[in-house]
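Read in the numbering used here, the sequence shown has 343 at position 343, and its numbers run on one by one without any break.
Each remark here refers to the structure printed beneath this line.
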Amino acid sequence: MNPDLQKLQPYPFEKLTKLKNAVTPPAELEHIALSIGEPKHPSPQFVLDVFTENMGRLANYPTTAGMPELRQAIADWATRRFKLRPGSLTAADNILPVNGTREAIFAFTQAAVARAPEGAATPLVVSPNPFYQIYEGAAYLAGAEPHFLNCTAENGFIPDFDAVDASVWERCQLLFLCSPSNPTGAVTDLETLKKLIALADKYDFILASDECYSEIYLDEAQPPVGLLEACAVLGRHDFSRCIVFHSLSKRSNLPGLRSGFIAGDAACIKPLLSYRTYHGCAMSIPNQLASIAAWNDEAHVLENRDKYREKFQTVVDILSPVMDVKSPDASFYLWAKTPIADDQFAQGLFGQQNVTVLPGRYLSREVDGLVPGEGYVRMALVATIEECVEAAQRIRAYVESL
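This is the structure we're talking about:
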């Protein structure tokens, strides 16, 4: 077996299960899960209708490249959303439908990293810390070494890219961004994106921006900026060295559809298509047709944001008197500072109140003597408003009992 498999750490939810198994929650309280980022809002009925009406198309093999109609719907959406020059993001050359961003992030890393010849320095895949664990696993299995940049309250939970030594950039082949961030909700601003594009040009690495939370934000007047949008501002209409990942899971409450896309530099997309053709990961035709319906509609997305906006306001009002917590720039996560160790907090909260949150240390690695997720928990406000309010009240009661 591939020896690099031994480098993979247990997934955060495996650690969480072990932590919870050490205590018994009160049976009289119904469990509320704020640990996993699985949207619980209803899926749009019109999307489900398209899916069921086309179930007969399961009799047809799909192509890896996807239907031209789907790629065009994605191109049209991204062009509108990120103010791209019309026609610059083409359905034929710049877009691939994927089975969710997790699959795409892993596959792209395998295709993008050039393994080092014997005796040469191992290539680096650079990522924020805390981070989505697929970045790390994908790096190891591509023959690269993950390199983490700490995100703390002091730097606004965005890496201090100016502090990165040139020797890191010289070995970097792929830099992952996550904006809006999982788990902190921080958004990388336009000027930082411009700076990173210049660094990618100087040191010849690929920028890969995980933007699957981009459509969940609180201020309708300030949607999170995207990497392709920064390219357009700079007049880089070929999106050179820039790749983005998007998904319907969070935007449209369709996590089980496993539908998203990767888009950007055609010089990266073309070889990725070759990789995925061998990998055998085409999206079914009913999924594609349902995805077209979802990408073509914004009304359900606006309604979705309204629900999250209400939950954030209510939950933060309940928790802020007893915890250091505030609404994020975007995403559906609260990154809350804990009054005791984050793993002890999560275990005690589950044992006393039957509410599950994710310890921040499970999303981090130690760098320069610091584990930046320590002392925080991630709360995913994915449940109904009623459940989120109930969970917040229980969390407050637990904090007040400490």
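Glycine is no exception: its CB is placed at the ideal position from the N, C-alpha and C atoms.
Whether Ser-43 touches Leu-358 by CB criterion (8 Å): To locate residue 43, count along the sequence shown from 1; it is residue 43. To locate residue 358, count along the sequence shown from 1; it is residue 358. Against a cut-off of 8 Å, the Cβ pair of Leu-358 and Ser-43 comes out as no contact.
Proximity of Leu-228 and Phe-245 at Cβ, strictly below 8 Å: Working through the sequence shown from its first residue, we reach residue 228 at position 228. Working through the sequence shown from its first residue, we reach residue 245 at position 245. Result no, Cβ atoms of Leu-228 and Phe-245 do not sit closer than 8 Å.
The segment 213-231 / the segment 149-164 touching (three or more Cβ pairs under 8 Å): Judged by Cβ distances under 8 Å, the segment 213-231 makes no contact with the segment 149-164, as fewer than three pairs qualify.
Three-state class that DSSP yields for Pro-359 in the structure shown: As a position in the sequence shown, residue 359 is number 359, starting the count at 1. Strand at Pro-359.
For Leu-84, the residue or residues it bridges with in DSSP: Locating residue 84 in the sequence shown gives position 84, where the first residue counts as 1. Under DSSP, Leu-84 shares a beta bridge with no residue.
Proximal residues to Leu-254 (C-beta, below 6 Å), its chain only, five neighbours per side dropped: For the purposes of this step, residue 254 is taken as residue 254 along the sequence shown, with counting starting at 1. Within the same chain, Leu-254 has close Cβ partners Ser-43, Leu-248.
N-terminal and C-terminal residue of the alpha helix (DSSP H) that Gly-348 is part of: Counted from its first residue, the sequence shown places residue 348 at position 348. Residue range 342-353 is occupied by the alpha helix (DSSP H) that includes Gly-348.
Residue environment, Tyr-217, which counts as buried when at least 16 other CB atoms sit within 10 Å: Here the question's residue 217 lines up with position 217 in the sequence shown. So Tyr-217 ends up on the buried side.
Under 8 Å between C-beta atoms of Ala-73 and Ile-292: One-based indexing of the sequence shown puts residue 73 at position 73. One-based indexing of the sequence shown puts residue 292 at position 292. Cβ distance < 8 Å, so Ala-73 and Ile-292 count as in contact.
Minimum C-alpha distance to Leu-19 - residue among Ser-364, Gly-348, Tyr-203: The residue labelled residue 19 in the question sits at position 19 within the sequence shown. For Leu-19, the nearest C-alpha among the options comes from Gly-348.
CA nearest to the CA of Glu-220, picked from Pro-339, Phe-350, Arg-305, Ala-120: The residue you call residue 220 lines up with position 220 of the sequence shown. Checking every option, the nearest Cα to that of Glu-220 belongs to Arg-305.
Beta-carbon proximity check, Leu-443 vs Ala-230, cutoff 8 Å: The requested residue 443 does not occur in the structure, where the chain is confined to residues 1 to 402.
Three-state secondary structure (DSSP) of Asn-150: As a working mapping, residue 150 is identified with position 150 in the sequence shown. Correct three-state label for Asn-150: strand.
Endpoints, beta strand (DSSP E) assigned at Phe-51: Position 51 of the sequence shown, counting from 1, holds the residue named residue 51. Per DSSP, Phe-51 is not a residue of any beta strand (DSSP E); the alpha helix (DSSP H) it occupies stretches across 45-53.
Beta-carbon spacing of Ser-252, Val-301 below 8 Å: The count along the sequence shown starts at 1 and reaches residue 252 at position 252. The count along the sequence shown starts at 1 and reaches residue 301 at position 301. In contact: Ser-252 and Val-301 (Cβ atoms closer than 8 Å).
Three or more C-beta pairs below 8 Å linking the segment 58-74 and the segment 387-399: The segment 58-74 makes no contact with the segment 387-399; the number of CB pairs closer than 8 Å stays below 3.
Cα-Cα separation, Arg-102 to Pro-180: Position 102 of the sequence shown, counting from 1, holds the residue named residue 102. Position 180 of the sequence shown, counting from 1, holds the residue named residue 180. Answer to the nearest angstrom: the Cα atoms are 16 Å apart.
Touching by the beta-carbon criterion (3+ pairs, under 8 Å), the segment 367-382 and the segment 123-134: Contact between the segment 367-382 and the segment 123-134 is present, because at least three Cβ pairs lie under 8 Å.
Alpha helix (DSSP H) segment containing Leu-289, residue limits: Taking the sequence shown and counting its residues from 1, one reaches residue 289 at position 289. Taken as a continuous stretch (DSSP letters only), the alpha helix (DSSP H) holding Leu-289 covers 285-295.
Phe-13, enclosing alpha helix (DSSP H) - first and last residue: The count along the sequence shown starts at 1 and reaches residue 13 at position 13. Run containing Phe-13: 12-20, per the alpha helix (DSSP H) assignment.
Of the listed residues Glu-38, Thr-64, Met-55, Lys-7, nearest to Thr-277 (C-alpha basis): Within the sequence shown, the letter at position 277 stands for residue 277. Of the candidates Glu-38, Thr-64, Met-55, Lys-7, the residue whose Cα lies closest to the Cα of Thr-277 is Thr-64.
Inside the segment 93-156 only - alpha helix (DSSP H) runs reaching at least 4 residues: Segments of the alpha helix (DSSP H) lying fully in the segment 93-156: 101-112, 134-141.
In DSSP terms, what Ile-206 is bridged to: Residue mapping note: residue 206 aligns to position 206 of the sequence shown, counting from 1. According to DSSP, Ile-206 bridges with Leu-174.
Alpha-carbon to alpha-carbon, Glu-14 and Lys-311: In the sequence shown, counting from the first residue as 1, residue 311 sits at position 311. In the sequence shown, counting from the first residue as 1, residue 14 sits at position 14. CA-CA distance, Lys-311 to Glu-14, rounds to 28 Å.
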